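Once you know that position 46 of the sequence shown is 47 in my numbering, the rest is easy, because the numbers rise by one and skip nothing.
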Amino acid sequence: MGLPNGIHHLAICTKDIKKQIEFFTQVCGMELVALYWMHGVKNTFHGFVKLGDS
């Protein structure tokens with residue numbers, strides 16, 4: 002087995018997705034690419050941010 006050469010994705014649970022999105026976009030410089038309501042779960046969303054070109 003070789004050494005890892007990247008990270009595909011991370012999943013982070015939070016009570017305040019708005020603050021998390023602000024942190025990742027404004028502090029870390031990531032781009033918000035999608036925000037979806039999680040079907041069947043009240044007040045729950047999936048947010049997707051992008052870092053870099055790949």
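For every residue, glycine included, the Cβ atom is placed at its ideal position computed from N, Cα and C.
All values derive from a computational prediction rather than experimental measurement.
Would you kindly work out how many angstroms separate the C-alpha atoms of residue i and residue j, rounded to a whole number?
i	j	result
ASP17	ASN44	10 Å
VAL34	MET2	32 Å
Closest to residue i by C-alpha separation, out of the options, would be which residue?
i	options	result
GLU32	PHE24, MET39, TRP38	PHE24
LYS20	ASN6, GLY48, HIS10, HIS9	GLY48
LEU52	ILE22, TRP38, LEU4	ILE22
SER30	MET39, ASP54, VAL42	Reading the sequence as shown, one finds Gly at residue 30 and not Ser. Ranking the options by Cα distance to GLY30, first place goes to ASP54.
The beta strand (DSSP E) that contains residue i, what's its start and end?
i	result
LYS43	Element bounds for LYS43: n/a, residue is neither H nor E.
Along the chain, where does the alpha helix (DSSP H) containing residue i start, and where does it finish?
i	result
ILE22	18 to 23
Evaluate residue i with the Cβ neighbour count: other Cβ atoms within 10 Å of its Cβ, from every protein chain shown; 16 or more gives buried, anything less gives exposed.
i	result
VAL42	exposed
VAL50	buried
Quickly, what does DSSP pair residue i with across the bridge? List them, please.
i	result
VAL50	LEU33
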